[in-house]
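Below is one structure; the comments refer to it alone.
Structure (structure tokens):
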């Protein structure tokens, strides 16, 4: 094989080869005596495995986590919460795999409007990264309003009430959100239709009104004297009103006990 020697020398002198040197065995079969070097495909596979341990947390996921947290915190005072994440605007990379978000309480940042949040990204129950978030927060309530004009001292019926959605500017808002809180009470002042009610706008209804004929009961020990009189003012149970005795015309200070019944001491 003298003709093959120049060709082999040419190949060996080039210095660029990545093949196994074959040595013929006793049976004439070629055998590899060097391993195949790792090529670029293996590196790509390694890089892909690294990427698999990193997850993206999108701004919308952060928004949902904050909204859920605030709805839990404010559930008794507001109906719905709307959150708009200002920063971060792009996805946040979290090492270690799929992350769960936990909003951390921050007493220094409370209320509505633009505020900061600290959101902890947890992987397998362990904190991996705290995301600093800036968001706008808006809250809505179902406010109780009157459906018609109510005069002062007029008793409020369930049919006089409805609820409407209304944006509030503070969590500790002054508005009534439960119709049962005001039904059966009376207006403390004139109330135009669609007026959002506040606790100060209503009062307990008067059980006696000015000019009512009432039974006056005077008690002392086991002695009880009863007579009739005319009230000079309206009053609720427990309040004191002036009553004119029909027999003597004398005005007495009496405590309202029940409808058409007042009590005096002597």
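Residue numbers (the numbering used here): 1252 to 1517. We put the beta carbon where it would ideally sit given N, CA and C, even for glycine.
Expected contact under 8 Å - CB spacing of residue i and residue j to nearest Å
i: residue 1486; j: residue 1459; result: 5 Å
i: residue 1384; j: residue 1313; result: 6 Å
i: residue 1469; j: residue 1517; result: 5 Å
i: residue 1467; j: residue 1509; result: Contact flag wrong, Cβ pair sits at about 13 Å.
i: residue 1329; j: residue 1397; result: Going by Cβ atoms, the distance from residue 1329 to residue 1397 rounds to 21 Å, so no, they are not a contact pair.
i: residue 1441; j: residue 1402; result: 6 Å
Residue i classed as buried or exposed, judged by whether at least 16 other C-beta atoms fall within 10 angstroms
i: residue 1480; result: buried
i: residue 1368; result: buried
i: residue 1337; result: exposed
i: residue 1492; result: buried
i: residue 1424; result: buried
i: residue 1437; result: buried
i: residue 1499; result: exposed
i: residue 1378; result: exposed
i: residue 1334; result: buried
i: residue 1503; result: buried
i: residue 1474; result: exposed
i: residue 1372; result: buried
i: residue 1447; result: buried
i: residue 1406; result: exposed
i: residue 1310; result: buried
i: residue 1415; result: exposed
Contacts around residue i, its chain only, beta-carbon distance under 7 Å, and the 5 residues preceding and following it disregarded
i: residue 1300; result: Reliability fails at residue 1300, whose pLDDT of 44 lies under 50, so the model's placement of it is uncertain and the value that follows must be treated cautiously. Contacts found: none.
i: residue 1354; result: 1316, 1317, 1320, 1368, 1370
i: residue 1464; result: 1479, 1481
i: residue 1205; result: Missing from the structure shown is residue 1205; the chain here goes from 1252 to 1517 and no further.
i: residue 1332; result: 1318, 1321, 1322, 1325, 1388, 1390
i: residue 1341; result: none
Close Cβ partners of residue i (< 6 Å) along its chain, the five nearest in sequence each way excluded
i: residue 1497; result: 1479, 1480
i: residue 1404; result: 1437
i: residue 1412; result: 1395, 1430
i: residue 1374; result: 1347, 1348, 1350
i: residue 1365; result: 1387
N- and C-terminal bounds of the alpha helix (DSSP H) containing residue i
i: residue 1333; result: That residue, residue 1333, is in no alpha helix (DSSP H); its beta strand (DSSP E) goes 1331-1338.
i: residue 1349; result: It is not in any alpha helix (DSSP H) - residue 1349 carries neither H nor E in the DSSP assignment.
i: residue 1309; result: Neither: residue 1309 is in no alpha helix (DSSP H) and is coded neither H nor E.
Endpoints, the beta strand (DSSP E) within which residue i is located
i: residue 1421; result: Premise fails: residue 1421 is in no beta strand (DSSP E) and is neither H nor E.
i: residue 1466; result: 1464-1471
i: residue 1383; result: 1377-1397
i: residue 1357; result: Segment: none, residue 1357 is in no beta strand (DSSP E) and carries neither H nor E.
i: residue 1448; result: Residue 1448 -> no beta strand (DSSP E), and no H or E assigned at all.
i: residue 1428; result: Neither: residue 1428 is in no beta strand (DSSP E) and is coded neither H nor E.
i: residue 1475; result: 1474-1482
i: residue 1491; result: 1491-1496
Cutoff 8 Å; reference residue i; Cβ partners in own chain excluding five residues on either side
i: residue 1291; result: Caution applies to residue 1291, whose pLDDT of 34 falls short of 50 and renders its modelled position unreliable; the model cannot decide the point.
i: residue 1449; result: 1425, 1426, 1427
i: residue 1483; result: 1461, 1492, 1493, 1494, 1495, 1502
i: residue 1400; result: 1441, 1442, 1443, 1444
i: residue 1360; result: 1366, 1367, 1368
Assess, as a yes-or-no matter, whether the segment 1469-1479 is touched by the segment 1415-1431 under the definition of 3 or more beta carbon pairs within less than 8 Å. They do not touch, by the three-pair rule.
For the pair the segment 1304-1313 and the segment 1342-1352, tell me if three or more CB-CB distances fall below 8 Å. The segment 1304-1313 makes contact with the segment 1342-1352, as at least three CB pairs between them are under 8 Å.
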